[in-house]
Every structure is written in C-alpha cells, then in structure tokens.
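Below: one structure, written as structure tokens.
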C-alpha cells in the first residue's frame with residue numbers, strides 16, 4: 002500500500018526531528034505520494050483557541066491534526082513519535098475514517114500515572130510517569146528552560162547519548178520552541194488518557210518501541226499494542242526513545258513492511 006504520510010514529532014522537538022525518518026522513507030517508492038513532517042508544537046500553533054469550539058472535547062493538538070488530515074481526504078498514514086502518537090490516538094478515536102494506517106513510535110495510551118505513585122508495569126493501568134515529575138518540569142521551564150530541556154534530551158537519547166550534531170545546534174533548536182506550548186504540552190501529557198475505546202479502534206496500527214526507552218517504558222507500548230484489535234508490535238533491543246533520530250533506517254524498514 003502506498004499512501005501519503007504525516008510524521009509528527011513529540012514534545013520538545015520541532016519537525017526537524019523527523020527528517021531522518023522522512024529521508025529513509027523517501028528511499029522507498031511511494032508513487033509520488035508526499036511525506037509531510039510536522040510536530041505537536043506546530044499542530045498546536047496552527048489552531049486558535051476559537052477553533053476549539055467547533056470540535057468540543059478535542060485538544061488543540063488533535064484539532065490541528067484533524068484539519069491536516071482533512072486535506073488528504075481520508076487516504077493517509079500517520080506516524081506519531083512520543084506525544085505525537087498520543088495526539089494521533091486521540092484524533093483517530095474521533096475521526097477513524099480520516100486515516101488508513103497508524104504508526105505509534107515510543108508511545109503510550111496514558112503518559113501520566115495520574116498520581117505520585119508509578120503503577121506496577123504489569124498493571125492494567127499500564128506504566129506512567131509521575132505527575133510530580135511533569136510538574137517539576139513545568140516549574141523548571143519557567144525558570145531554567147535550557148536545563149530542563151537538556152536533561153530531557155539526555156533521557157530521550159539514552160543509552161546511546163545525544164549526537165554531537167544535535168548538541169551543536171541545541172540553542173538554535175530550542176529558540177524555535179514556543180514556551181507556552183511546551184507548558185501546554187506538559188499539561189496535555191499529565192491529563193490525556195486515550196485508553197477508553199481502544200478496543201473499538203480498527204485502523205491497522207504498528208507500535209514500535211526501544212527496549213531501553215527511559216521516557217516511556219517499553220511495557221507501555223506492549224500494553225497499547227495488545228489493547229488494539231488490529232495491531233503489530235515491534236520492540237528493538239539496545240535502543241531508547243529516540244528511534245526516529247538514532248534508528249531511522251531500521252524504523253523505516255518496519256514501516257515499509259507494515260504498509261506493504
């Protein structure tokens with residue numbers, strides 16, 4: 002199957018983070034279909050608060066993705082990394098007819114644990130990040146945003162480490178991020194829960210994770226894959242959260258097989 006593809010980078014990143022994956026996918030014959038890169042921050046920025054009144058119950062991120070999907074007329078595949086995957090799951094729950102394939106990279110149905118106790122990894126809740134961690138990040142963003150983001154990027158790239166090229170351009174990349182959107186994104190991650198209705202989601206989905214992920218434990222991805230009725234699960238040893246950046250070729254191979 003050849004489809005236009007939308008690639009969505011997650012919290013703290015611009016669309017630039019998905020360019021390596023885009024290039025890897027561009028090496029596959031797509032029959033001229035476009036591969037578009039965006040980010041959760043860009044989806045948020047495209048929508049005014051007034052637009053939300055037309056889509057009650059949806060986040061500003063999902064409204065942005067809905068409008069983007071509508072331009073493709075229902076024949077499109079969405080590839081969401083980290084928070085980008087959560088936004089994709091929120092959107093497909095409301096508009097399942099607007100996409101034909103879904104890929105969730107390093108994703109989860111619920112990012113936050115909902116309280117200060119991390120649930121057991123084998124619990125029905127699925128693993129989640131403590132609310133206190135997200136609140137501490139929000140406080141830090143208001144005071145020392147560069148330090149908060151640097152610590153976050155270190156965890157994203159673990160265990161391999163942040164590439165020197167990314168370190169060299171970090172200040173320029175951070176300058177492109179919207180501080181208000183970053184805070185809204187942390188609030189979104191704290192409250193968003195897309196577990197309800199997963200059993201009704203029939204869009205074929207590929208869930209891909211790294212076994213060494215230090216942002217979203219791989220068990221969260223496995224739980225999500227098992228909860229979806231039409232799902233394929235891939236877990237790669239020795240890799241962490243930054244699959245689109247550090248393992249673009251491997252990820253592209255998974256996606257091409259899934260779309261075939």
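In my numbering, the protein residues as written are 2 to 261.
A virtual CB, placed ideally from N, CA and C, is assigned to each residue, including glycine.
Quantities reported herein were computed from a predicted structural model and do not represent experimental measurements.
- In the structure shown, residue 149 falls within a helical segment according to DSSP collapsed to helix, strand and coil.
- With contact defined as three or more Cβ pairs closer than 8 angstroms, the segment 132-150 and the segment 210-224 are not in contact.
- Cβ contact annotation for residue 191 (same chain, cutoff 7 angstroms, sequence separation greater than five): 113, 132, 135, in chain order.
- DSSP, reduced to helix, strand and coil, places residue 83 outside both helices and strands of the structure shown, so it counts as coil.
- Going by DSSP, residue 211 is part of the beta strand (DSSP E) stretching over 206-211.
- Closest by C-alpha distance to residue 17, out of 170, 77, 94, is 170.
- A direct Cα-Cα distance of roughly 18 angstroms separates residue 94 from residue 106.
- Per DSSP, the beta-bridge partners of residue 39 are 9.
- The segment 73-82 and the segment 165-185 do not touch, with fewer than three beta-carbon pairs separated by less than 8 angstroms.
- Sequence-distant partners of residue 255 (beyond 5 residues in either direction) whose C-beta falls short of 6 angstroms from its own C-beta, in its chain, are 209, 235.
- Burial is judged here by how many other beta carbons sit within 10 angstroms of a residue's own beta carbon; residue 23 has at least 16 and is buried.
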